[in-house]
Amino acid sequence: MKAEFELTGDAGRVETVSEFTRRVKAVLEAGVRPGWVRGEVSNLRAQASGHVYFSLKDAGAQLTCVLFRGDALRQSVQLHDGLQLLAYGEISVYEQRGQYQLIVRLVVEDGLGRLQQEFERLKQRLADEGLFDPARKAAIPTMPGTIGFITSPTGAAVHDFIRILLRRGWRGRLVVLPAKVQGEGAAAEMIEMLRQAEALRLFDLLVIGRGGGSLEDLWAFNEEPLVRAVAGCPVPIISAVGHEIDFTLCDFAADVRAETPSAAAELISSSFVAGGERTTHAAEHMVDAIEAALERMSARLDHDRSRLRLLSPRAVLEQNQLRLDDLTNRRWRRCGRDCSGRGSA
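Here it is in structure tokens:
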């Protein structure tokens, strides 16, 4: 009787191994959200397919992980056994083995992982305050006369910035506001340069930035006091930090984000270049219009000059003189014939 009860109803429905495993898979994948896992890499295997298999372990447990080829190619961390890291991914079940595993999407070394977590935490908190709200952002002037660039005066970024402005024929004044852009005290120096730029009231536009680097190299641009100073700056400001794939919190706080200092220089000079092209085109159009007007006026002048010659009293007098001469000659010829006839009689 007991066995018969266990085989009736939904609770007692007999499932195949595949059905049961699929049910477990659905429950796990729906119930366990993607997240970060810290551990030590072990049993690392890189397949010819490009997929990478490994385990993450700590003192109490072990987790099977797989990093598929597409995700593996995007990682900057070189995996090896014994490496301490943070892995971000989602849970899945490999049905053929009845084994759950972590599908890894991103790996960072453990030290970087702490920075990444701090970055995400601070980004979320400042975003919740509205610090990155697009409504707070100012428009970038199309023709800035004076630009201040807060950066290291000896770095490659400022040289690339100047080179592009010169190459594109930008006309204006650039003031380099020197500051450390990496390491202890860098954020404080950049804040001081922002304060001085505001006090001077000379600048139409500010740029703050540096070349690319690791998360640690760029960390000064993620420090909360600097991010708040950038967001609160009354002068329009462009954040130009790092290479295209690098983001900092200053990028979100600034009025505009440029992928690199070079991209910032192109953005600033683009309106100037476009304005120069419009001026050149307008000048060419004006010359063409003036030349066409002169040609029309010259033709009209020639026409009026011809009419004046026809209507001139002198021309009428000359015509009358010609007519008078003609009539006189005709009279004398006629008189000559008459006179010669009377004489012979």
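Going by this note's numbering, the sequence shown opens with residue 52, and the numbers climb by one from there.
For every residue, glycine included, the Cβ atom is placed at its ideal position computed from N, Cα and C.
Residue i classed as buried or exposed, judged by whether at least 16 other C-beta atoms fall within 10 angstroms
i: residue 396; result: Below a pLDDT of 50, predicted positions are generally treated as unreliable, and residue 396, at 46, falls in that range; no measurement from the model is reported.
i: residue 230; result: buried
i: residue 367; result: exposed
i: residue 179; result: exposed
i: residue 284; result: buried
i: residue 261; result: buried
i: residue 10; result: Because the chain is modelled from 52 through 396, residue 10 falls outside the range shown and cannot be assessed.
i: residue 71; result: exposed
i: residue 56; result: At residue 56, the pLDDT of 46 sits below 50, so the modelled position is not reliable; the number obtained from the coordinates is stated separately. Classification of residue 56: exposed, given that the 10 Å Cβ count is below 16.
i: residue 202; result: buried
i: residue 158; result: buried
i: residue 238; result: buried
i: residue 65; result: exposed
i: residue 274; result: buried
i: residue 386; result: exposed
i: residue 351; result: exposed
i: residue 309; result: buried
i: residue 248; result: buried
i: residue 375; result: exposed
i: residue 241; result: buried
Supposed close pair residue i, residue j - CB separation, criterion 8 Å
i: residue 286; j: residue 301; result: Residue 286 to residue 301, Cβ: 15 Å. No contact.
i: residue 234; j: residue 269; result: 11 Å between Cβ atoms; not a contact.
i: residue 244; j: residue 266; result: Contact flag wrong, Cβ pair sits at about 23 Å.
i: residue 140; j: residue 156; result: 5 Å
i: residue 121; j: residue 109; result: No, residue 121 and residue 109 are not in contact; Cβ-Cβ is about 28 Å, not under 8 Å.
i: residue 289; j: residue 271; result: The Cβ separation is near 17 Å, so there is no contact.
i: residue 117; j: residue 154; result: 6 Å
i: residue 226; j: residue 205; result: Actually they are not in contact, since the Cβ atoms of residue 226 and residue 205 sit about 16 Å apart, beyond 8 Å.
i: residue 79; j: residue 151; result: 6 Å
i: residue 343; j: residue 311; result: Rounded, the Cβ-Cβ distance is 47 Å, inconsistent with contact.
i: residue 105; j: residue 124; result: In fact, because the Cβ distance is near 16 Å, the residues do not count as touching under 8 Å.
Of the listed residues the options, nearest to residue i (C-alpha basis)
i: residue 257; options: 316, 206, 269; result: 316
i: residue 85; options: 97, 137, 91, 244; result: 137
i: residue 142; options: 204, 250, 76, 331; result: 76
i: residue 298; options: 276, 283, 264, 241; result: 264
i: residue 259; options: 222, 207, 239, 199; result: 199
i: residue 145; options: 115, 131, 174, 158; result: 115
i: residue 102; options: 119, 110, 108; result: 119
i: residue 160; options: 133, 174, 379; result: 133
i: residue 177; options: 277, 78, 129, 207; result: 277
i: residue 220; options: 105, 110, 319, 383; result: 319
i: residue 113; options: 100, 93, 288, 130; result: 93
i: residue 192; options: 378, 322, 383, 380; result: 322
i: residue 307; options: 184, 123, 385; result: 184
i: residue 190; options: 341, 80, 343, 255; result: 255
i: residue 213; options: 380, 314, 87, 354; result: 314
i: residue 224; options: 95, 341, 195; result: 195
i: residue 168; options: 88, 130, 222; result: 88
i: residue 73; options: 149, 251, 312, 348; result: 149
i: residue 69; options: 127, 207, 147; result: 147
i: residue 303; options: 173, 105, 123, 130; result: 173
i: residue 279; options: 377, 126, 187; result: 187
Which of helix, strand or coil DSSP assigns to residue i
i: residue 144; result: strand
i: residue 154; result: strand
i: residue 232; result: coil
i: residue 332; result: helix
i: residue 97; result: strand
i: residue 303; result: helix
i: residue 270; result: helix
i: residue 200; result: strand
i: residue 86; result: strand
i: residue 54; result: Because residue 54 sits at a pLDDT of 46, beneath the cut-off of 50, its placement in the model cannot be relied upon, and the point is left open.
i: residue 220; result: coil
i: residue 368; result: helix
i: residue 322; result: helix
i: residue 398; result: Outside the shown range of the chain (52 to 396) lies residue 398, about which nothing can therefore be said.
i: residue 298; result: coil
i: residue 254; result: coil
i: residue 125; result: coil
i: residue 265; result: coil
i: residue 396; result: In this predicted model, residue 396 has a pLDDT of only 46, less than 50, meaning its place in the structure is not dependable; the value taken from the coordinates is given anyway. It is coil, neither helix nor strand.
i: residue 64; result: coil
For residue i: DSSP bridge partner residues
i: residue 105; result: 116
i: residue 160; result: 136
i: residue 212; result: Per DSSP, none; premise fails for residue 212.
i: residue 24; result: Outside the shown range of the chain (52 to 396) lies residue 24, about which nothing can therefore be said.
i: residue 308; result: 290
i: residue 346; result: BP columns for residue 346 are empty, so no partner.
i: residue 259; result: 201, 290
i: residue 91; result: 108, 135
i: residue 225; result: 198
beta-carbon residue i near the ligand PLP non-hydrogen atom, thresh 7 Å
i: residue 228; result: This structure lacks the ligand PLP; in fact it carries no ligand of any kind.
Closer than 8 Å to chain C by CB, residue i
i: residue 283; result: This model lacks chain C altogether; it includes just one protein chain.
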